[in-house]
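See structure below.
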Amino acid sequence: DKPPLAKLYYCSETIEAKFIEELQHLASGAQVDLKIIDNSSQAFLNANQLLREVDGLMQRSIWFCGPSKFSQCLQNDLAKH
Numbered sequence: 001d002k003p004p005l006a007k008l009y010y011c012s013e014t015i016e017a018k019f020i021e022e023l024q025h026l027a028s029g030a031q032v033d034l035k036i037i038d039n040s041s042q043a044f045l046n047a048n049q050l051l052r053e054v055d056g057l058m059q060r061s062i063w064f065c066g067p068s069k070f071s072q073c074l075q076n077d078l079a080k081h
């Protein structure tokens, strides 16, 4: 087994089982460590969680997609570290 090349956080308030199953399949084939965050029952993704879960986070490339407010909050939070 090769280590994952990337870590992908999929955050949504509407988790559809069929879509998640396909996403998990694609991620495993692409050496992507997939983390599903169901925002209907879990806290929103934040910098502290990323810092705990991703070794060397601040030395990595970090990409965002999603609502601009979410991306801006996460970028601002990461900039404090």
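Be aware that the sequence shown starts at 1, since it is given in the UniProt record's numbering, and climbs by one per residue. Cβ coordinates follow ideal geometry from the N, Cα and C atoms, glycine included.
Going residue by residue through the region 9-81, where are the continuous alpha helix (DSSP H) segments of at least 4 residues, counting only ones entirely within it?
17-29, 47-53, 68-79
Considering Cα atoms alone, identify which of LYS2, LEU34, THR14 is closest to LEU23.
Position 23 of the sequence shown, counting from 1, holds the residue named residue 23. When C-alpha distances from LEU23 are compared across LYS2, LEU34, THR14, the shortest belongs to LEU34.
Near ALA30, what residues of its chain come up, given a Cβ to Cβ distance below 6 Å and the 5 sequence neighbours on each side ignored?
Counting from one through the sequence shown, the residue named residue 30 turns up at place 30. No residues qualify anywhere along the chain.
What does the Cβ neighbour count give for GLN26, buried or exposed, with the cut at 16 atoms within 10 Å?
Reading the sequence shown from its first residue, position 26 is the one you call residue 26. In the sequence as presented, Gln is not what sits at residue 26; that position holds Leu. LEU26 comes out exposed.
What are the partner residues of LYS7, as DSSP defines its beta bridges?
The sequence position of residue 7 within the sequence shown is 7, counting from 1. According to DSSP, which records beta bridges pairwise, LYS7 is partnered with ASP33.
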